[in-house]
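>
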Amino acid sequence: MARLEPLPREELAEFEAFFSKIESVMGFLPNSLLVMARWPELLQGFSGLANVMSTGKLPQELRMLVGFMASNAAGCRYCQAHTLHAAAAEGVSREKLQALFEFESSALFSVSERAALRVAARAAMVPNAVEDEDFDALHDNFTEEEIVEIVAHISLFGWLNRWNDTFATQLEAVPSGLAEKILGERDGPEH
């Protein structure tokens, strides 16, 4: 059960352009944004950050896989469901999504994807478990600008993981179905 209920969208007309953009990209409006709207300035700031994060050079597929891996390490089922849904919408195969838990050994992942996912998983641990060798692998596969983008996505999901797990944000119907299929054996979506 959610610890704070989302505000009704119709009461948030000043954010309709942002909500419409998010909805067109994700296929639904996340409840987390409707909870965040209780502090309009925070939602406005988050909107700006989300817009900046969408302009990076990394493929959206990799961004979502990085977000999933960070969310998995943090244990946030809400964000796992969202990132699985977004990755599938970007064309990531169900087989590859199911192999995320074995990315180190799966032939479905490139060397560069493995480097990024390894850092995402280890950076989301408490304490942070990223080693110099992990960063060396990033440098072997990505530019410094791309590395900053990878770490920015890990950090964004760290914030979202804490937000959604603390509020026990109710998972929306759209991302729930795929998450139940992929994560079902691993406890499924929590919220």
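Residue 2 is where the sequence shown starts when you use my numbering, and the numbers rise one by one after that.
In this text, a Cβ means the ideal position worked out from N, Cα and C, and glycines have one as well.
All of these numbers come straight from a predicted model, not from anything done at the bench.
1. Looking at C-alpha atoms only, which residue of Leu13, Gln81 and Pro7 is the closest neighbour of Ile155?
2. Please check the pair Phe1 and Leu5, which I expect to be a contact at CB under 8 Å, by giving their CB distance rounded to whole angstroms.
3. Assign Thr84 to one of three DSSP states: helix, strand, or coil.
4. Please classify Val127 as buried or exposed, where buried requires at least 16 neighbouring CB atoms within 10 angstroms.
5. Report buried or exposed for Thr170, applying the criterion of at least 16 other Cβ atoms within 10 angstroms of its Cβ.
6. Which whole-angstrom value describes the C-beta separation of Leu34 and Leu43, a residue pair presumed to lie in contact below a C-beta threshold of 8 Å?
7. Do Ala71 and Ala14 have their C-beta atoms closer together than 8 Å?
8. Using the Cβ count rule (16 or more neighbours within 10 Å means buried), how would you classify Thr84?
9. Can you check whether the CB of Ala117 is closer than 8 Å to the CB of Ser63?
10. Measure from the alpha carbon of Ser48 to the alpha carbon of each residue in Ala18, Leu179, Ala75 and Glu91, then state which is nearest.
11. What does the alpha-carbon distance come out to for the pair Gly57 and Glu150?
12. Along the chain, where does the alpha helix (DSSP H) containing Ser21 start, and where does it finish?
13. For Ser33, does the three-state DSSP call read helix, strand or coil?
According to the structure data:
1. Nearest in C-alpha terms to Ile155, of all of Leu13, Gln81 and Pro7, is Gln81.
2. The question about residue 1 has no answer here: the residues shown for the chain are numbered 2 through 192.
3. DSSP, reduced to helix, strand and coil, places Thr84 within a helical segment of the structure shown.
4. Taking every protein chain shown into account, the CB of Val127 has fewer than 16 other CB atoms within 10 angstroms, so this residue is exposed.
5. With 16 or more other Cβ atoms within 10 Å, it is buried.
6. Not confirmed; about 10 Å, so no contact.
7. Against a cut-off of 8 Å, the Cβ pair of Ala14 and Ala71 comes out as no contact.
8. Per the 10 Å Cβ criterion, buried.
9. Note on residue identity: the sequence assigns Leu, not Ser, to residue 63. In contact: Leu63 and Ala117 (Cβ atoms closer than 8 Å).
10. Put simply, of Ala18, Leu179, Ala75 and Glu91 the residue whose alpha carbon is nearest the alpha carbon of Ser48 is Ala18.
11. Here the alpha carbons of Glu150 and Gly57 stand approximately 7 Å from one another.
12. Note, Ser21: alpha helix (DSSP H), Glu17 to Met27.
13. Helix at Ser33.
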